[in-house]
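S.K.:
In the UniProt record's numbering, the protein residues as written are 1 to 429.
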């Protein structure tokens, strides 16, 4: 099938590559000429495991092309995915001006029937506004349908998530749109949830809100564990073995981050408010997430007494492993809080340091992880990269001024670290 994906950001790029991988002819279009030139040269503007290889493969066989010419993309595709950015406004609601602009362009350039698919994460009833916009600017009265196909891609495993989905959610208005969407995803042989447009939009928001709530819940339990001397790892294990709950997203730590959860949670709270409902539960989820970062900084301060002129090594900067994404990363708030107390920060991350330099100018970045330990009074782990498990912690201890580990992700074994001579500080342990 001939498909255009408008927007070469994280979602658009992954969607384009994976749709081409399963056999479709895909044109990925973006108005950022520098980004498109980078992609044409075979380089990626983001780090995502497996994505570079799929793009190289699908470009070489002619299944995937990149362009800034949205007119050509729309004219040469039957299905147009809208995957542009929806950044948050100061009110918390998403900025949908890019979505509207693309809808207007599709209306102006489509030469025959088109299925317009809402892929960006947007508030409920956005699909209705896309339809209204296309109708208003559809001067040639070309026939079209609107569908909603929310993404559930986890950064760091997005390619796998696309090719092996738990389910594919599709919101449609009629059988024609349903049949096209089924044809697109038939090669994946995955469970399809086909519903109305508004329900599909709400599934995305409700899913992210629930997962954020689960993370904040286990972090709240970790606060209680510390107060009574319990171990959050054991508590989470006991909770997660209940099949009604499950073990995923029950890892206590310094809170969630990334562009998805914080933005979508604020948007959902705002949407509910506009619909006349005060979603107090989600406002508390936000508060607990902020508290997790504040409590972690307080632990470091209480351990070192004062932070002024103390050297703190940071391992991990990205909001989660296997990505270079620094958007809403907990590390940013934690590092800024430590800097405000006069601490000296040395940091390492396997992928995110280039992005981190743009927002953390007062941090010294180290080319090797062991270097953050040099004369450090404490090392804090803020992202659970697997490579940190393989470090020679005995050698690291010798490079430190004081062997203290503040493990914000509970990724190291307390007894092992204490046997090496470290003072170990975890979360809820």
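Ideal Cβ placement from N, Cα and C applies to all residues, glycine included. Nothing here was measured: the structure is a model prediction, and the numbers come from that model.
Over the uninterrupted alpha helix (DSSP H) stretch that includes residue 11, give me the two end residues.
M.R.: As a position in the chain shown, residue 11 is number 11, starting the count at 1. 10-21 is the extent of the alpha helix (DSSP H) around residue 11.
S.K.: Name the two residues that bound the continuous alpha helix (DSSP H) containing residue 97.
M.R.: In the chain shown, counting from the first residue as 1, residue 97 sits at position 97. That run of the alpha helix (DSSP H) goes 97-109.
S.K.: Hey, out of 203, 320, 362, 350, whose CA is closest to residue 337's CA?
M.R.: Translated into positions along the chain shown, residue 337 becomes position 337. The candidate whose alpha carbon is nearest that of residue 337 is 362.
S.K.: Quick check for students: name the residue ranges of the alpha helix (DSSP H) that lie wholly in the segment 153-183, counting only runs of 4 or more.
M.R.: The segment 153-183 contains these whole alpha helix (DSSP H) runs: 158-163.
S.K.: Looking at the unbroken beta strand (DSSP E) that takes in residue 380, where does it start and where does it end?
M.R.: Translated into the one-based positions of the chain shown, residue 380 becomes position 380. Residue 380 -> beta strand (DSSP E) spans 378-381.
S.K.: Please report how far the alpha carbon of residue 423 lies from the alpha carbon of residue 40, in whole angstroms.
M.R.: For the purposes of this step, residue 423 is identified with residue 423 of the chain shown, where counting begins at 1. For the purposes of this step, residue 40 is identified with residue 40 of the chain shown, where counting begins at 1. Cα to Cα, the separation comes out at about 50 Å.
S.K.: Enumerate in chain order the residues of its own chain whose CB-to-CB distance from residue 154 is below 7 Å, with the five nearest sequence positions on each side excluded.
M.R.: Taking the first residue of the chain shown as position 1, residue 154 is located at position 154. Once the five neighbours on either side are set aside, the close Cβ partners of residue 154 are 161.
S.K.: Ignore the nearest five residues each way along the sequence and tell me which others in residue 122's own chain have a CB closer than 8 Å to its CB.
M.R.: Within the chain shown, the letter at position 122 stands for residue 122. Excluding residues within five positions, the ones whose Cβ falls inside 8 Å are 86, 94, 96, 99, 201.
S.K.: Pull the bridge partners of residue 313 from the DSSP assignment, please.
M.R.: Residue 313 sits at position 313 when you count from the first residue of the chain shown. Its beta-bridge partners are 346, 379.
S.K.: How many whole angstroms separate the CB atoms of residue 187 and residue 23, which I take to be in contact at a CB cut-off of 8 Å?
M.R.: Locating residue 187 in the chain shown gives position 187, where the first residue counts as 1. Locating residue 23 in the chain shown gives position 23, where the first residue counts as 1. Rounded, the Cβ-Cβ distance is 6 Å, consistent with contact.
S.K.: Where DSSP assigns a beta bridge to residue 145, which residues make up the other side?
M.R.: For the purposes of this step, residue 145 is taken as residue 145 along the chain shown, with counting starting at 1. DSSP lists 115 as partners of residue 145.
S.K.: Can you give me the Cβ contacts of residue 222 inside the same chain, cut-off strictly under 6 Å, excluding the 5 residues immediately before and after it?
M.R.: The residue you call residue 222 lines up with position 222 of the chain shown. The residues are 232, 252, 427, 428.
S.K.: When every heavy atom of the ligand NAD is checked, does at least one fall within less than 7 Å of the C-beta of residue 273?
M.R.: You won't find the ligand NAD in this model; it holds no ligand whatsoever.
S.K.: With DSSP run on the structure shown, which of helix, strand or coil describes residue 259?
M.R.: Taking the first residue of the chain shown as position 1, residue 259 is located at position 259. Correct three-state label for residue 259: coil.
S.K.: Which residue from 148, 212, 135, 287 puts its Cα closest to that of residue 197?
M.R.: Along the chain shown, one-based indexing puts residue 197 at 197. The option with the nearest alpha carbon to residue 197 is 148.
S.K.: Mapping DSSP to helix, strand and coil, what is residue 2?
M.R.: Along the chain shown, one-based indexing puts residue 2 at 2. Here residue 2 sits in strand by DSSP.
S.K.: Given a cut-off of 8 Å, decide if residue 317 and residue 347 are closer than it, judged by their beta-carbon atoms.
M.R.: Taking the chain shown and counting its residues from 1, one reaches residue 347 at position 347. Taking the chain shown and counting its residues from 1, one reaches residue 317 at position 317. Going by C-beta atoms, residue 347 is nearer than 8 Å to residue 317.
S.K.: For residue 409, which residues from the same chain have a beta carbon less than 6 Å from its beta carbon, with the 5 sequence-adjacent residues on both sides left out?
M.R.: Against the chain shown, residue 409 aligns to sequence position 409. Cβ within range, chain order: 253, 381, 384.
S.K.: Could you tell me which residues DSSP puts in a beta bridge with residue 407?
M.R.: Position 407 of the chain shown holds residue 407. According to DSSP, which records beta bridges pairwise, residue 407 is partnered with 381.
S.K.: Thinking just about the alpha-carbon of each residue, which of 208, 294, 111, 405 is nearest to the one in residue 388?
M.R.: Taking the first residue of the chain shown as 1, we reach residue 388 at position 388. Answer by Cα proximity: 405.
S.K.: Quick one, are the C-beta atoms of residue 78 and residue 106 less than 8 Å apart?
M.R.: Here the question's residue 78 lines up with position 78 in the chain shown. Here the question's residue 106 lines up with position 106 in the chain shown. It is not a contact, given that the beta carbons lie outside the stated cut-off.
S.K.: If I follow the unbroken alpha helix (DSSP H) through residue 136, where does it start and stop?
M.R.: Here residue 136 corresponds to residue number 136 of the chain shown, with the count starting at 1. Residue 136 -> alpha helix (DSSP H) spans 126-137.
S.K.: How long is the line joining the alpha carbons of residue 396 and residue 413, rounded to whole angstroms?
M.R.: Start at 1 with the first residue of the chain shown, and residue 396 comes out as number 396. Start at 1 with the first residue of the chain shown, and residue 413 comes out as number 413. Using only the alpha carbons, I get a separation of about 16 Å.
S.K.: Thinking C-beta only, is residue 26 closer than 8 Å to residue 6?
M.R.: Here residue 6 refers to the residue found at position 6 of the chain shown. Here residue 26 refers to the residue found at position 26 of the chain shown. No, the Cβ-Cβ distance between residue 6 and residue 26 is not below 8 Å.
S.K.: Compute the Euclidean distance between the alpha carbons of residue 102 and residue 82, then round it to the nearest angstrom.
M.R.: Translated into the one-based positions of the chain shown, residue 102 becomes position 102. Translated into the one-based positions of the chain shown, residue 82 becomes position 82. When rounded, the distance between both Cα atoms is 7 Å.
S.K.: Report the CB separation of residue 342 from residue 309 in whole angstroms; it is logged as a contact under 8 Å.
M.R.: As a first step, residue 342 is located in the chain shown; it is residue number 342 there, counting from the start. As a first step, residue 309 is located in the chain shown; it is residue number 309 there, counting from the start. At roughly 6 Å, the Cβ-Cβ gap stays under 8 Å, so residue 342 and residue 309 are in contact.
S.K.: What distance in whole Å lies between the Cβ atoms of residue 47 and residue 324, which are believed to be in contact at a cut-off of 8 Å?
M.R.: In the chain shown, the residue the question calls residue 324 occupies position 324. In the chain shown, the residue the question calls residue 47 occupies position 47. Indeed, because the Cβ distance is near 4 Å, the residues count as touching under 8 Å.
S.K.: I'd like the ranges of any alpha helix (DSSP H) spanning at least 4 consecutive residues and lying wholly in the segment 186-261.
M.R.: Whole alpha helix (DSSP H) segments, 4+ residues: 197-228, 232-240.
S.K.: On a Cα-Cα basis, can you pick out the residue from 1, 264, 328, 312 that is closest to residue 370?
M.R.: Position 370 of the chain shown, counted from the start, is the residue given in the question as residue 370. Looking at the Cα atoms, 312 is the closest of the given residues.
S.K.: According to DSSP, simplified to helix, strand and coil, what is residue 65?
M.R.: Taking the chain shown and counting its residues from 1, the one referred to as residue 65 is at position 65. Strand, per DSSP.
S.K.: Quick check on the DSSP output: the beta strand (DSSP E) that includes residue 59 runs from which residue to which?
M.R.: Residue numbering aside, residue 59 sits at position 59 when the chain shown is read from its first letter. Premise fails: residue 59 lies in the alpha helix (DSSP H), 51-60, not in any beta strand (DSSP E).
S.K.: Using CA atoms only, rank isn't needed, just tell me which of 322, 54, 65, 236 is closest to residue 36.
M.R.: On the chain shown, position 36 is the one that residue 36 refers to. Of the candidates 322, 54, 65, 236, the one whose C-alpha sits nearest the C-alpha of residue 36 is 65.
S.K.: Measure the alpha-carbon distance for residue 34 versus residue 117 and round it to whole angstroms.
M.R.: Stepping through the chain shown from its first residue, residue 34 is reached at position 34. Stepping through the chain shown from its first residue, residue 117 is reached at position 117. Between residue 34 and residue 117, the C-alpha separation is close to 26 Å.
S.K.: May I ask you to verify whether the segment 261-272 touches the segment 280-293, counting CB pairs closer than 8 Å and requiring at least 3?
M.R.: Segments in contact, yes.
S.K.: Measuring straight from C-alpha to C-alpha, what distance separates residue 104 and residue 133?
M.R.: Taking the first residue of the chain shown as 1, we reach residue 104 at position 104. Taking the first residue of the chain shown as 1, we reach residue 133 at position 133. Looking at the two C-alpha atoms, the distance is approximately 6 Å.
S.K.: What residue from 227, 334, 315, 210 has the CA that sits closest to residue 293's CA?
M.R.: By 1-based counting over the chain shown, the position of residue 293 is 293. Minimum Cα distance to residue 293 is reached at 334.
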